[in-house]
Each structure stands twice: as C-alpha cells, then as structure tokens.
Amino acid sequence: MKEKIRFYIRYLGRDSFTGFYELRFLPDGESVGYNHHDWEDIWYLENVKNALNEIISQKQ
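Residue numbers for the sequence shown follow this note's numbering, beginning at 28 and rising by one.
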C-alpha cells in the first residue's frame with residue numbers, strides 16, 4: 028500500500044491557497060485529463076486525495 032501511495036503521490040499537488048490536495052496529471056509531461064488514465068488509477072487517486080484532505084481538515 029505504501030509503495031502505491033509513493034508512486035501515485037506525484038499526481039497529487041497541494042493548492043497553495045487552501046492547502047488541500049488536488050489531482051494533477053502533468054508531472055512527467057503526460058496528457059491532461061481523466062481520459063488518459065485507467066479508471067482504477069483514478070479511483071485509487073481520488074480515495075487517497077480524499078483521505079489526505081480529510082486529515083488536513085481535521086487538523087485545522
């Protein structure tokens with residue numbers, strides 16, 4: 028699980044204004060958008076992003 032998070036964390040970026048994570052698909056010059064990624068990857072990223080944002084919101 029930790030290896031998956033380390034691999035996919037490159038697709039998550041923090042918004043400088045809010046501090047919450049958002050999906051970003053351009054770390055290695057890849058095509059923008061959901062259409063160029065498998066649905067399993069998108070689902071996993073959304074879950075990781077939501078979990079991290081929940082932790083951040085509870086700390087505030």
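Beta carbons: idealized from backbone N, C-alpha and C, even for Gly.
Here the structure is a predicted model, which means the values were calculated and not measured.
Between D68 and T45, the alpha-carbon positions lie close to 25 Å from each other.
One thing to note: L72 has its Cβ within 8 Å of the Cβ of Y35. Y48 is positioned such that its CB atom lies closer than 8 Å to that of K76.
Taking each of R33, Y38 and S43 in turn and checking the Cα distance to R51, the smallest one comes out for Y38.
In the three-state reduction of the DSSP assignment, R51 falls in the coil class.
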